[in-house]
Amino acid sequence: MKLGFLTVFWAVAVVLTASPGCSSDTDSGAGTGGGAAGVSGESNLRGGGVGTDGGAASSSGASDLGGEGGADTGIVGVRDRACVEHPTPLRTQGTLVSLPLQPVMAGKPFVFGEENALADGGSVVPLNFRFYISEVELLRGSDEEPIDVDVVTEAGTPEPYGIHLFNAEDADSGTLRVLAPPGQYSGLSFALGIKLSCNQQKPENLGDPLTNISQMTWPHARGFLYLRYEGRNTAADSGGASGASGASSADEIPAAVHMGGNVATERVPHVTVLGPLSIPASGSLERGMSVVMDEIFKGATSNIDVSDFAIGALSAPESVAGERLRRELPQLHVFVLEH
Amino acid sequence: MAEHSVLAVTLLSLGLVAGCSDGAAGAAHDTAPSLIVSTTPAGFPKGTNADRAPSDNALTEARALLGKRLFYDPVLSRTSDVSCSTCHQQQFAFADPRAVSTGVDGRMGTRNAPSIVNGAWGKTFFWDGRAHTLEAQAGQPIENPVEMDLALSDAVARVAADPSYVASFQQAYGEAPSEISLQKALASFVRSLVSGMSPYDRHLRGDDSDFGPERQRGEALFQSEKAECFHCHPSGELSNEGYFNNGTYTAGGDTGRQQVSGRVGDIGKFKVPGLRNIEVSAPYMHDGSLATLDDVIDQYSAGGRGDPTTDPLIKPFTLSSDERADLLAFLRSFTDPALLEDPRFAP
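In order, the protein sequence lines correspond to chains A and B. So the first sequence is residues 1 to 339, counted in the working numbering. So the second sequence is residues 340 to 686, counted in the working numbering.
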């Protein structure tokens, strides 16, 4: 296992908010005819967030550059509230920001399909780990509205449905990319899942990454999973790896976590990841983002009461673990921007 | 049969296939049924089997017919007595009724030949997923020493010696037989094998005339957290195209996907098969070790065979006799008699 992947992280405060009512962007959509987020995004973009001097983000600085920034970034659209396979780009210009997603545990890479040693000599082998990210926003000052950005492919075109599926088994899915206006930002936020309008669709009527092949589908009226994890744990006394410096033991790690929603209400959690993000006006930016498995497992094994959820089919251990994670997200630091 | 009439034909014109996605329609040929029905089984991803063909091997009648001839021709084996159809037999939904297949000189394979029906929608092929296209899959059994044991170059030489084959290749691909066009032709025939008129398909389209209460209860059980079938066999396709260790693997056995990926976590993982026509495609599992669907239910309800590599979602459960009957009835609703008897797919 390669050591030292996690170099130094910004001392970020990661704020995760579980909906309902977690995101002004998401939740304002219905009341504003679906255009509120995009309209505000355009307004915000023109208002700032664009800089060429590399200075720290500030309200005044952003505003000073607002007019130029709006023109430079070629904003042309608003975020579509409907489930559209080929969404209209929010902007035609911008800087390609690549955010390689690296699962980590106890500060080390969490290697898919391999034994990851635990502190007590046990080990965990991740067998399936995937999640959706959508509705990405760039954050500015506390008194400024965030800026909507497109989730894009390596070529810079919007990903289908504006959704990125991270699949630990598929290296090609390992990087989240957005097309963003240059400037200084204080972090980003995104939905750890998919929007309700997509969640309400049947997979056979959709294309990738929302087909059954995604392995993110549920039966019944649950829509899609937002996050799926399965792994094989080996306790220390049954031959697990030894000499590791991991922080967990096998009994602290759930065998499966299935976090999802249903088709009736918006349940997708929104995650905020704070940390300086300087997006240049030319070229591109690559900035690693860790996916902290310790936090996922911590949330999934919390003792938060989910008795109102764990009814019938949803009482399966993996579903309960997923709901606990969803509800605990505001207290967790699952995503961390690498320095 | 009625199913035949419903599985009507779409006449190909100049190699183009009309996009008919409801799975039940098609235009009538004025002379003979086309081999190709441009269709999508219920609940499958968007796009017909023709849509799923790669741009350099568009699905045409000429190509599928050539592939069909090759599929049934033992000349593609070293001993000229084994064909693709030896192990993929139509009456068994193009699967092999033997636990493991027998190749040239009586050589035994190590895996059960799976059904290749609806392969047009496949993401990967073989139990271990080592081929990413039907075209990449098609040549491997020909060259496999325990299957047909013939170099593709030799296979090409054999068909190139037959003027009728040369003419067919010319018609289909505008060229003399080659390794590439031979594999493309075989892939085209496999891509034409569509099963989409089972009672389950009709149920998904809203016709429950052959999907009574027993099957409906079985479906609910299939979709429940009790049986947990849906995790790997989602509604519609009945396969998520993933790789899972379903509890069949035991230490020392075929490690499956691990042989491709090298990952320890992939030990005992095999590709999730679609379940269309599962009733007739026994025996089951990658090694053909389970003879009946009852055996399959027994293994799953026991939580697999006890190997620690078994997927964590494979957990023991208990079914009443009624529940078992319901589940079996549901599984049998996947049978598409039209496919099993369709003369267009026969030699």
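We put the CB at the ideal spot given by N, CA and C, even for glycine. Keep in mind the model is a prediction, meaning the values are calculated, not measured.
Proximity below 8 Å, CB of residue i to CB of residue j
i      : j      : result
A/M289 : A/V336 : yes
B/L473 : B/F465 : no
B/R644 : B/T589 : yes
A/G187 : A/L225 : no
B/V439 : B/D626 : yes
B/G336 : B/E580 : Any answer about residue 336 of chain B is impossible in this case: the structure gives chain B only from 340 up to 686.
B/P573 : B/N457 : no
B/V669 : B/R554 : Per the sequence presented here, residue 669 of chain B reads as Phe, with Val not at that position. Yes, Cβ-Cβ distance for B/F669 and B/R554 is below 8 Å.
A/T234 : A/S123 : yes
B/S422 : B/D412 : yes
A/A171 : A/V97  : no
A/A263 : A/G223 : The sequence shown places Val at residue 263 of chain A, rather than the Ala named in the question. In this structure, A/G223 lies closer than 8 Å to A/V263 by Cβ.
B/L532 : B/F673 : no
B/L374 : B/S507 : no
Proximity test, residue i beta-carbon vs the ligand NAD heavy atom, cut-off 7 Å
i      : result
A/V151 : For the structure depicted, the ligand NAD is absent and the ligand set is empty, with no information on it obtainable.
Burial state of residue i, where buried means 16 or more other Cβ atoms lie within 10 Å
i      : result
A/S23  : Confidence at A/S23 is low in this model, with a pLDDT of 33, below 50, so its placement is unreliable and no value can be given for it.
A/A321 : buried
A/E286 : exposed
B/Q638 : buried
A/D25  : Here A/D25 scores only 32 on pLDDT, less than 50, and its place in the model should not be relied on; the value that follows carries that caveat. Buried, because 16 or more other Cβ atoms sit within 10 Å of the Cβ of A/D25.
A/E318 : buried
A/V178 : buried
A/P254 : buried
B/G513 : exposed
A/N205 : exposed
B/T657 : exposed
B/H471 : exposed
B/P484 : exposed
B/M624 : buried
A/A299 : Residue identity differs from the one stated: residue 299 of chain A is Gly in this sequence, not Ala. A/G299 is buried by the Cβ-count criterion.
B/S548 : exposed
A/H86  : exposed
B/Q430 : exposed
A/P103 : buried
A/P158 : buried
B/D369 : Here the model assigns B/D369 a pLDDT of 47, short of 50, so the residue's position is not dependable and the matter cannot be decided.
B/D675 : buried
A/E341 : Residue 341 of chain A lies beyond the stretch modelled for chain A, which goes from 1 to 339, so this question has no answer here.
B/P480 : buried
A/G352 : Only positions 1 to 339 of chain A appear in this structure, which leaves residue 352 of chain A out of reach.
A/N303 : exposed
A/D308 : exposed
B/G545 : exposed
Given residue i as reference, the closest of the options once Cα atoms are compared
i      : options                        : result
A/G141 : A/P276, A/V104, A/L99, A/L210  : A/P276
B/V619 : B/D501, B/P651, B/R437, B/L404 : B/R437
A/D80  : A/V271, A/E323, A/V149         : A/V149
A/E135 : A/V151, A/V263, A/S284         : A/V151
B/A395 : B/I375, B/S419, B/S527, B/E486 : According to the sequence shown, residue 395 of chain B is Asp rather than Ala. Among B/I375, B/S419, B/S527, B/E486, the Cα nearest to that of B/D395 belongs to B/S527.
B/P655 : B/P393, B/G586, B/L525         : B/G586
A/G260 : A/D251, A/L325, A/I213         : A/L325
A/F129 : A/T153, A/E145, A/E137, A/L101 : A/L101
A/M216 : A/G193, A/E144, A/E137         : A/G193
A/Q184 : A/V84, A/G207, A/L274, A/V306  : A/L274
A/S214 : B/P552, B/D661, B/C571         : B/C571
A/A191 : A/M105, A/P330, A/E338         : A/P330
A/P269 : A/R91, A/V78, A/Y132           : A/Y132
B/D646 : B/V505, B/D675, B/T594         : B/T594
A/P219 : A/R327, A/G113, A/L314         : A/L314
A/T92  : A/E137, A/R327, A/E252, A/G156 : A/G156
B/S659 : B/D633, B/P682, B/L678         : B/D633
B/A403 : B/F550, B/S454, B/N388, B/L652 : B/N388
Whole-number beta carbon distance between residue j and residue i, since they are thought to touch under 8 Å
i      : j      : result
A/L99  : A/T175 : 6 Å
B/G468 : B/Y582 : 6 Å
A/S284 : A/T88  : Contact doesn't hold; Cβ gap of about 23 Å is too wide.
B/E486 : B/G448 : 7 Å
B/P622 : B/S578 : Not quite, the Cβ-Cβ distance comes to about 18 Å (not below 8 Å), so this is no contact.
A/G207 : B/K407 : The Cβ separation is near 30 Å, so there is no contact.
| query | Using 8 Å as the Cβ pair cut-off and three pairs as the minimum, do the stretch 595-602 of chain B and the stretch 564-576 of chain B touch? | reply | No: fewer than three Cβ pairs fall under 8 Å.
| request: Could you say if the stretch 229-239 of chain A and the stretch 184-201 of chain A meet the contact criterion of at least three C-beta pairs nearer than 8 Å? | output: Touching, no.
| query | Using 8 Å as the threshold, is the stretch 624-642 of chain B in touch with the stretch 539-552 of chain B, meaning 3 or more CB pairs across them? | reply | Per the Cβ contact rule, the stretch 624-642 of chain B is not in contact with the stretch 539-552 of chain B (fewer than 3 Cβ pairs under 8 Å).
| request: Check whether the stretch 114-122 of chain A touches the stretch 159-166 of chain A, counting contact only when three or more Cβ pairs, one atom from each stretch, lie closer than 8 Å. | output: Short answer: they don't touch.
| request: Please determine if the stretch 489-504 of chain B and the stretch 606-619 of chain B are in contact, where contact requires at least 3 C-beta pairs separated by less than 8 Å. | output: No, because fewer than three Cβ pairs between the stretch 489-504 of chain B and the stretch 606-619 of chain B fall closer than 8 Å, the two stretches do not touch.
| Three or more beta-carbon pairs under 8 Å between the stretch 657-666 of chain B and the stretch 519-526 of chain B, yes or no? | When Cβ pairs closer than 8 Å are counted between the two stretches, the stretch 657-666 of chain B is seen not to touch the stretch 519-526 of chain B, the count staying below three.
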